[in-house]
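Number of protein chains: 2
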Amino acid sequence: MQKPIKPAEFVENSLITDIISGVYPKNSKLPGERVLAEKTGVTRPTLREALQRLSRDGWVTINHGKSTIVNDFWEKGGLGILRTLIKYIDLMPDNLLSSMLEFRTILFPEIAELAYKRKPEAIINYLDGFKQIDDPEKFSEFDWNLQLEMARCSQNPLFPLIVNDFTTPFNHLAKIYFRYKKARDVSSIYYKTIRDAFTEKDSDVKNIVREVMINSNLIWDELV
Amino acid sequence: MQKPIKPAEFVENSLITDIISGVYPKNSKLPGERVLAEKTGVTRPTLREALQRLSRDGWVTINHGKSTIVNDFWEKGGLGILRTLIKYIDLMPDNLLSSMLEFRTILFPEIAELAYKRKPEAIINYLDGFKQIDDPEKFSEFDWNLQLEMARCSQNPLFPLIVNDFTTPFNHLAKIYFRYKKARDVSSIYYKTIRDAFTEKDSDVKNIVREVMINSNLIWDELV
DNA sequence: ATACATCAAGTGGTCTTACCATGTAAAGAA
DNA sequence: TTCTTTACATGGTAAGACCACTTGATGTAT
Numbered sequence: 048m049q050k051p052i053k054p055a056e057f058v059e060n061s062l063i064t065d066i067i068s069g070v071y072p073k074n075s076k077l078p079g080e081r082v083l084a085e086k087t088g089v090t091r092p093t094l095r096e097a098l099q100r101l102s103r104d105g106w107v108t109i110n111h112g113k114s115t116i117v118n119d120f121w122e123k124g125g126l127g128i129l130r131t132l133i134k135y136i137d138l139m140p141d142n143l144l145s146s147m148l149e150f151r152t153i154l155f156p157e158i159a160e161l162a163y164k165r166k167p168e169a170i171i172n173y174l175d176g177f178k179q180i181d182d183p184e185k186f187s188e189f190d191w192n193l194q195l196e197m198a199r200c201s202q203n204p205l206f207p208l209i210v211n212d213f214t215t216p217f218n219h220l221a222k223i224y225f226r227y228k229k230a231r232d233v234s235s236i237y238y239k240t241i242r243d244a245f246t247e248k249d250s251d252v253k254n255i256v257r258e259v260m261i262n263s264n265l266i267w268d269e270l271v
Numbered sequence: 048m049q050k051p052i053k054p055a056e057f058v059e060n061s062l063i064t065d066i067i068s069g070v071y072p073k074n075s076k077l078p079g080e081r082v083l084a085e086k087t088g089v090t091r092p093t094l095r096e097a098l099q100r101l102s103r104d105g106w107v108t109i110n111h112g113k114s115t116i117v118n119d120f121w122e123k124g125g126l127g128i129l130r131t132l133i134k135y136i137d138l139m140p141d142n143l144l145s146s147m148l149e150f151r152t153i154l155f156p157e158i159a160e161l162a163y164k165r166k167p168e169a170i171i172n173y174l175d176g177f178k179q180i181d182d183p184e185k186f187s188e189f190d191w192n193l194q195l196e197m198a199r200c201s202q203n204p205l206f207p208l209i210v211n212d213f214t215t216p217f218n219h220l221a222k223i224y225f226r227y228k229k230a231r232d233v234s235s236i237y238y239k240t241i242r243d244a245f246t247e248k249d250s251d252v253k254n255i256v257r258e259v260m261i262n263s264n265l266i267w268d269e270l271v
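Protein chains in written order, with my numbering: chain E, 48 to 271; chain Y, 48 to 271.
Set out below in structure tokens:
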């Protein structure tokens, strides 16, 4: 049952679409709130709330008494903006997906290495709970929760923050990826491999994870 | 000249302080907007705007018809929350600083390596503009802009997003750090070293940067 | 006794209207 | 020409009313 779209959500999506598509170009001034509210068909307080949210994500810069400026979100945005950008992936540069995969390939081996050094038993426990799952959504949930758990076990509080920023985007992508049986099979093997590595001394966790990421990137190449 | 604090800023700071200090514990319900507005001494629309911003940063979860829930921000927050947390560093866990330094030590060498491979000339140009600066603020500005430039030259759009999230926190820290003459001197040498590495083939940029970060972490140990 | 429907009260969401605070450009005065 | 004042645009805040959703309590039917 599709819920009616609320004015707040509508106006936020509308503004983002117009920013991304160039109606309001980067570094330009938005029309004033009163005009913009009229154009978008919501009231000014509702528009203001949307703008406050957008400003927190880095889409716009609001200064009292001056027109609100549209940011170049690639320049000014924070990582949290990905959550929104992924909804507009068709309007994104072609390299967004490969950039995300590259970023993952760089970061996740480091996280896993820290988890291995600092709290391996929690990861082993988590992986012991793995059962063969054929549902892509369930599978991707398990997979993502593994990344989350590793971030927590890294015992550096910044990694869970980063992984949180990637949750929506990678959930979006994982649903596509794990629809592919080969992807699920490769990851199932990985879970066994990495579980064993976590139980042993002197494992080369970083490289195991990196190789899995690189392999996964190749599977992505087959998919797109 | 100290500007009067605005209701919006006041109420946001007030809520954050109360969340961090446990007045509104993690996973608890906030009082309703009408009560909260009265408690904090602002009107409901002003409070709502603040809550919308806080929700975007991951501090609270707002659902229509239900009480607003205070998140465990370490669990639910994104990297952008650091910008706020750094203002409350005295209330933060003791390992926040060392975690930030560790994170930097992991990530920045990777960024530099990509910049070296993909767009070294822009970094060389930037570093050619380096002059001996004794003003800690100017110095830290130069230093941070170098990180930003490297993130851009990595040609992975995610890295500038991450660096943006770190801008406020690291600017805060850098002002302390570069007040120390030894810190400025060490970085000045690094700029020359890394500039040379960027002009040569087969440089071990990743390890040069990592060693500088590790050394910098040792200087931090002397400072705190 | 149990299950379902209804209602009330609490929650957040939106709208209307009015006024305040800041920034900036143009006009007027020196 | 420079400085000051004014007007108008901008964003910020307030007050009040009503709408939409959630949830628990109460009443009714089986």
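Built from N, CA and C at the ideal position, the CB exists for glycine as well. Values in this document were obtained by computation on a predicted structure and should not be read as measured data.
Kindly list the residues whose CB is nearer than 6 Å to the CB of residue i, restricted to its own chain and excluding five residues on each side of it in sequence; keep chain order.
i      : result
E/R257 : P156
E/V144 : Checking the sequence, you will find Leu at residue 144 of chain E rather than Val. Contacts found: none.
Y/D268 : none
Y/P288 : Residue 288 of chain Y is absent from the structure shown; chain Y starts at 48 and stops at 271.
E/P54  : V89, T93
E/N264 : L148
Closer than 7 Å by C-beta to residue i: which residues in its own chain qualify, once you throw out the five before and the five after it? Chain order, please.
i      : result
E/E160 : V252, K253
E/I133 : T215, P216, H219
Y/V82  : none
E/V58  : T87, V89, T93, L94, A97
E/T131 : I63, D104
E/Q194 : F155, V210
E/I261 : T152
E/E80  : R91, L94, R95
E/F120 : G105, W106, I128
Give me, in chain order, the residues of the same chain whose beta-carbon lies closer than 8 Å to that of residue i; leave out the 5 immediate sequence neighbours on both sides.
i      : result
E/S61  : T87
Y/F189 : F177, I180
E/T108 : S102, T115, I116, N118, K123
By DSSP's criteria, residue i is part of a beta bridge. Which residues make up the other side?
i      : result
Y/V117 : Y/V107
Y/K239 : Bridge partners of Y/K239: none, in fact.
Y/K76  : Y/I116
Tell me the residue span of the alpha helix (DSSP H) that contains residue i.
i      : result
Y/V58  : 54-67
Y/V259 : 252-270
Y/Q202 : Note, Y/Q202: premise wrong, no alpha helix (DSSP H); not H, not E.
Y/F150 : 143-165
E/T131 : 129-132
Item checked: Where the segment 197-214 of chain Y meets chain E: residues whose CB sits under 7 Å from a CB there -> N203, P204, L205, P207, L208, I209, N211, D212
Check: For the 8 Å Cβ check, are there 3 or more pairs between the segment 162-171 of chain Y and the segment 97-105 of chain Y?
Finding: no
Notebook entry, point to check: In chain order, what residues of the segment 144-160 of chain Y put their CB closer than 8 Å to some CB of chain E?
Noted result: If you check each beta-carbon in the segment 144-160 of chain Y against every beta-carbon of chain E, the ones closer than 8 Å belong to S146, M147, E149, F150, I153, L154, E157.
Margin query: Would the segment 60-74 of chain Y count as touching the segment 131-144 of chain Y if we require 3 or more Cβ pairs under 8 Å?
Written below: yes
Note to self: Check whether the segment 222-231 of chain E and the segment 115-133 of chain E are in contact - that is, three or more C-beta pairs closer than 8 Å.
What the structure shows: no
Next item on the list: Indicate whether the contact test is met: 3 or more Cβ pairs, each with one atom in the segment 227-238 of chain Y and one in the segment 201-213 of chain Y, closer than 8 Å.
Entry: no
Margin query: Any C-beta of chain Y within less than 8 Å: which residues of the segment 178-197 of chain E qualify?
Written below: Taking 8 Å as the Cβ-Cβ cut-off against chain Y, none of the residues of the segment 178-197 of chain E qualify.
Next item on the list: Below 9 Å between beta carbons is the criterion; list the residues of the segment 102-136 of chain E that meet it against any residue of chain Y, in chain order.
Entry: S102, R103, D104, G105, H111, F120, W121, E122, K123, G124, G125, L126, G127, I128, L129, R130
Next item on the list: Select from the segment 86-99 of chain Y all residues with a C-beta closer than 7 Å to any C-beta belonging to chain E, and list them in chain order.
Entry: P92, R95, E96, Q99
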